[in-house]
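Protein chains in written order, with our numbering: chain A, 45 to 127; chain B, 45 to 127. This report concerns only the one structure given below.
There are 2 protein chains.
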Amino acid sequence: MSQFIDVHTGMKNLTVQDLKREHDQDTALEREYGVHFIKAWGDPASGKVFCLSEGPNKQAVLEVHRKAGHPTDEIYEVPLSVE
Amino acid sequence: MSQFIDVHTGMKNLTVQDLKREHDQDTALEREYGVHFIKAWGDPASGKVFCLSEGPNKQAVLEVHRKAGHPTDEIYEVPLSVE
């Protein structure tokens with residue numbers, strides 16, 4: 045399992061209810077793909093959303109997003125993390 | 045206090061030791077600016093690094109990164125988060 049950050053654009057004026065609904069759509073679908081969406085952050089001013097997930101590969105993560113109706117092509121595998 | 049995600053590029057072949065060292069430089073400087081760097085994720089393949097922080101405004105976060113020697117201009121305020 046690897047961790048990933050993917051990036052969505054075009055979500056200006058997003059509310060936390062919108063973000064929760066989209067995230068719940070991901071988590072409802074994710075198990076079939078061996079993916080888990082850990083957390084998502086949104087910026088309503090720019091319309092950017094960042095999702096942190098873990099899964100077998102980028103394609104599995106992107107496929108969950110596609111099936112959930114909010115596809116993106118921008119994703120990074122992030123094997124390194126510090127806090 | 046708000047939360048922010050900023051993005052660095054050009055860090056290909058980054059190691060976890062590199063990321064830890066850069067993150068420690070931020071956390072050594074952050075208090076003076078009222079900022080806290082919560083976590084950072086790195087992708088050595090693309091050279092992207094994502095930092096999650098909290099602080100009073102974007103400028104304070106970027107100033108810590110600048111003083112630490114790894115400036116960036118790409119930052120988003122992320123008032124929304126779900127998990």
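Note that the Cβ used here is the ideal one computed from N, Cα and C, for glycine as well. Keep in mind that this is a model prediction, so the values were computed, not measured.
Coil, strand or helix - residue i by DSSP
i	result
A:V79	coil
A:D70	helix
B:L124	strand
B:D50	strand
A:L96	strand
A:D117	coil
A:A89	coil
B:A112	helix
Beta-carbon neighbours of residue i, restricted to chain A and to distances below 8 Å
i	result
B:S90	Y120
Contacts of residue i in chain B (Cβ-Cβ under 7 Å)
i	result
A:H67	V126
Cβ distance (whole Å) where residue i is taken to contact residue j below 8 Å
i	j	result
A:L58	B:L124	7 Å
B:M45	B:G86	About 25 Å; that fails the 8 Å criterion.
Beta-carbon proximity of residue i to residue j, cut-off 8 Å
i	j	result
B:A112	B:Q47	no
A:T116	A:V60	no
Partners in chain A for residue i, counting only beta-carbon separations shorter than 7 Å
i	result
B:G99	What B:G99 touches in chain A: nothing, since even the nearest Cβ is about 15 Å away.
B:D87	Y120, E121 and V122
Listed by chain order, chain A residues near residue i by CB distance under 9 Å
i	result
B:V60	P123, L124, S125 and V126
Heavy atom of the ligand GDP within 7 Å of residue i beta-carbon
i	result
A:M55	Ligands displayed in this structure: none; no statement on the ligand GDP is therefore possible.
Spell out a yes or no on whether the segment 71-80 of chain A and the segment 96-113 of chain A are touching, meaning 3 or more CB-CB pairs, one atom from each, closer than 8 Å.
Taking 8 Å as the limit for Cβ pairs, the verdict is that the segment 96-113 of chain A does touch the segment 71-80 of chain A.
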